[in-house]
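Data first, discussion second: the structure below is written as structure tokens.
2 protein chains.
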Amino acid sequence: MPANILVVEDEPAIQELLTLNLTQAGHNALRALSVEQAQLLMRETLPDLIILDWMLPGMSGIEFARKLKGDELTKAIPIIMLTARGEEADKVRGLEVGADDYVTKPFSPRELNARIKAVLRRRAPQMTDDPIEVGGLRLDPMTHRVSGNGATLDLGPTEFRLLHYLMSNPERVHSRSQVLDRVWGDRVFVEDRTVDVHIRRLRRALTETGHEQLIQTVRGVGYRFSAH
Amino acid sequence: MPANILVVEDEPAIQELLTLNLTQAGHNALRALSVEQAQLLMRETLPDLIILDWMLPGMSGIEFARKLKGDELTKAIPIIMLTARGEEADKVRGLEVGADDYVTKPFSPRELNARIKAVLRRRAPQMTDDPIEVGGLRLDPMTHRVSGNGATLDLGPTEFRLLHYLMSNPERVHSRSQVLDRVWGDRVFVEDRTVDVHIRRLRRALTETGHEQLIQTVRGVGYRFSAH
DNA sequence: ATTCATTGTCATAAATATGTCACATTGACG
DNA sequence: CGTCAATGTGACATATTTATGACAATGAAT
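These protein sequence lines map, in sequence, to chains A and B. Just so you know, we're using this note's numbering here: the first sequence kicks off at 3 and counts up by one. Just so you know, we're using this note's numbering here: the second sequence kicks off at 3 and counts up by one.
Written out as structure tokens, the structure is:
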């Protein structure tokens, strides 16, 4: 839950305020006074979130945002834009280059915290390489094996990735488009309904080895993996 | 983001100016020339914000404000006072009766918009993804689960959204049209009474799991979720 | 070339949710 | 107490969503 948050802000007073606020909220704040410093820092650690001032000396915040969103390595990092003007135009431009949210100065700490929380929550669920065990099922990403009580499941590549994703994030509900994003990846020229079919195949494989109702349908929303 | 804003102003020219300004900012303007008209309108829809002239024929603005802030149903609605005099004393009196902000005539549309925006941002809690717990009920949007003492509630999509809305704003009466706006969203080609039916279904699910009277009827007004 | 596994899409069935109506209750008020 | 309006309730036709089986395209393995 604690996250690494990079603050890019040239005004020392504001930066101080921000980092104080962040650390109090239990996060780990990294600070940079310019885009250059930020890039340097990011060579070390990729942050979970970037709070980026609109106006910066040297490269502007918006330019930096565009750059980050264009890079495969950093495109997934959410960005919250910090802008002095509350103009609608700026908001649009900010969101255009891929900022995930924006806050206008002066901001209330409460509001900022709320937005940080919201953005972090949207953070794409991760899939680890460690073996996972949920509800009597054991999935090992390394060996590409899934074993249920005794037997071993026979899954196709897509089914495996789907199950891997679901087991990496049990309990929570995943919409079809979320699943497509995470399991199918970029080329989402695939129908939503396709997810249903693969869920079906997965379910068949599961019930064949005696696992019932591990994957639940949440009508109108999506699917959920959970041991009841 | 768009909000219902009630303008109470007896001077037609100013009212025109105000509503024009509001609609241009993407809001929905309701107009009243007097307190009486305003009260009539508010029986239909509770606005998100009231812009209230200080001097009005019949009941004065300040009196109306006091009344509104004294009523459980309307006390949460923010009020921006509109006054010709810039006297400090008036400001104090306005804030005393619960006005959230005030603007002196003549006002610049920009300033007014800024204040509206600020006030609206402070307004009633939105629906978030955070788990909510009220009256022994726990609703978790992420897992899409509702659990009462022990048992888990089985709700349809609409019922879930409805409960989520009510629990996000407990201890507060919601008119049917408010509920329709927030829970049904755009497609409001739906009868008011439909809300009743869904409330009914929700209540059934609640009582089946031993929760009594969590949803109360306020005759002539709407419904309220509260732990007594 | 042939076989086989996998995958995405459909068509159709099955399940479930939704909105409205008719009628029953309830409450406010003279 | 009687009347009117507001709300509670059950039923039901319709709409929406999901499950399922079949199929053709693809590509890898034999």
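Ideal Cβ placement from N, Cα and C applies to all residues, glycine included.
Residues sharing a beta bridge with residue i, DSSP
i, result
"Val9 (chain A)", "A:Arg33 and A:Ile53"
"Asp103 (chain A)", "A:Ile82"
"Glu173 (chain A)", "Glu173 (chain A) pairs with nothing; no bridge assigned."
"Leu122 (chain B)", "DSSP, once it has assigned bridges, lists no residue as partnering Leu122 (chain B)."
"Thr154 (chain A)", "A:Ser149"
"Leu139 (chain A)", "A:Val136"
Bounding residues of the alpha helix (DSSP H) (the contiguous stretch that carries residue i)
i, result
"Thr21 (chain B)", "Pro14 to Gln26"
"Phe66 (chain A)", "Gly63 to Gly72"
"Arg184 (chain B)", "Premise fails: Arg184 (chain B) is in no alpha helix (DSSP H) and is neither H nor E."
Below-7 Å beta-carbon distance, residue i vs any chain A residue
i, result
"Leu22 (chain B)", "no"
"Asp262 (chain B)", "Because chain B spans 3 through 230 in this model, residue 262 (chain B) falls outside it and cannot be assessed."
"Ala126 (chain B)", "Because Ala126 (chain B) carries a pLDDT of 48, less than 50, the predicted location of this residue cannot be relied on, and the following value inherits that uncertainty. Taking Cβ atoms only, chain A never reaches closer than 7 Å to Ala126 (chain B), which makes this a no."
Whole-angstrom distance between residue j and residue i, CA atom to CA atom
i, j, result
"Trp186 (chain B)", "Glu135 (chain B)", "23 Å"
"Leu138 (chain B)", "Gly150 (chain B)", "Strictly speaking, residue 138 (chain B) in this sequence is Gly, with Leu absent from that position. If you take the alpha carbons of Gly138 (chain B) and Gly150 (chain B), they lie about 6 Å apart."
"Leu32 (chain A)", "Pro49 (chain A)", "8 Å"
"Asp198 (chain B)", "Thr211 (chain B)", "20 Å"
"Pro80 (chain B)", "Leu122 (chain B)", "8 Å"
"Phe191 (chain A)", "Arg184 (chain A)", "14 Å"
"Val220 (chain B)", "Arg140 (chain A)", "52 Å"
"Thr130 (chain B)", "Gly152 (chain A)", "42 Å"
"Arg226 (chain B)", "Arg163 (chain B)", "15 Å"
"Pro159 (chain B)", "Arg202 (chain B)", "15 Å"
"Asp156 (chain A)", "Asn6 (chain A)", "39 Å"
"Asp55 (chain A)", "Glu38 (chain B)", "48 Å"
"His200 (chain A)", "Glu161 (chain A)", "6 Å"
"Leu182 (chain B)", "Asp102 (chain A)", "29 Å"
"Gln180 (chain A)", "Thr85 (chain B)", "51 Å"
"Ile64 (chain B)", "Tyr104 (chain B)", "12 Å"
"Asp142 (chain A)", "Met83 (chain A)", "39 Å"
"Gln128 (chain A)", "Gly224 (chain B)", "43 Å"
"Val10 (chain B)", "Ile53 (chain B)", "6 Å"
"Pro4 (chain A)", "Leu75 (chain A)", "21 Å"
"Arg174 (chain A)", "Ile217 (chain A)", "11 Å"
"Gly222 (chain B)", "Asn23 (chain B)", "33 Å"
"Ser231 (chain B)", "Glu113 (chain B)", "Past the boundaries of the shown model lies residue 231 (chain B); chain B is included only from 3 to 230, so the question cannot be answered."
Within chain B, partners of residue i - CB distance below 9 Å
i, result
"Leu223 (chain A)", "Note that residue 223 (chain A) corresponds to Val in the displayed sequence, not to Leu. Chain B residues near Val223 (chain A): His146, Pro159 and Phe162."
Residue interval of the beta strand (DSSP E) (run including residue i)
i, result
"Thr130 (chain B)", "Taken as a continuous stretch (DSSP letters only), Thr130 (chain B) belongs to no beta strand (DSSP E), as it is neither H nor E."
"Thr196 (chain A)", "Not the beta strand (DSSP E): Thr196 (chain A) falls in the alpha helix (DSSP H), residues Asp194 to Glu210."
"Gln218 (chain A)", "Ile217 to Val220"
"Ser149 (chain B)", "Arg147 to Ser149"
"Arg226 (chain A)", "Gly224 to Phe227"
Contacts that residue i makes with chain B (C-beta to C-beta distance below 7 Å)
i, result
"Glu173 (chain A)", "Thr145"
"Val220 (chain A)", "His146"
Residue-level contact to chain B via CB, residue i, 7 Å cutoff
i, result
"Val105 (chain A)", "no"
"Ala91 (chain A)", "At Ala91 (chain A), the pLDDT of 48 sits below 50, so the modelled position is not reliable; the number obtained from the coordinates is stated separately. No - not a single Cβ of chain B is within 7 Å of the one on Ala91 (chain A)."
Contact list for residue i against chain A, beta-carbon separation under 8 Å
i, result
"Asp131 (chain B)", "Ala120 and Arg123"
Under 8 Å by beta carbon: chain B residues contacting residue i
i, result
"Arg226 (chain A)", "Thr145 and His146"
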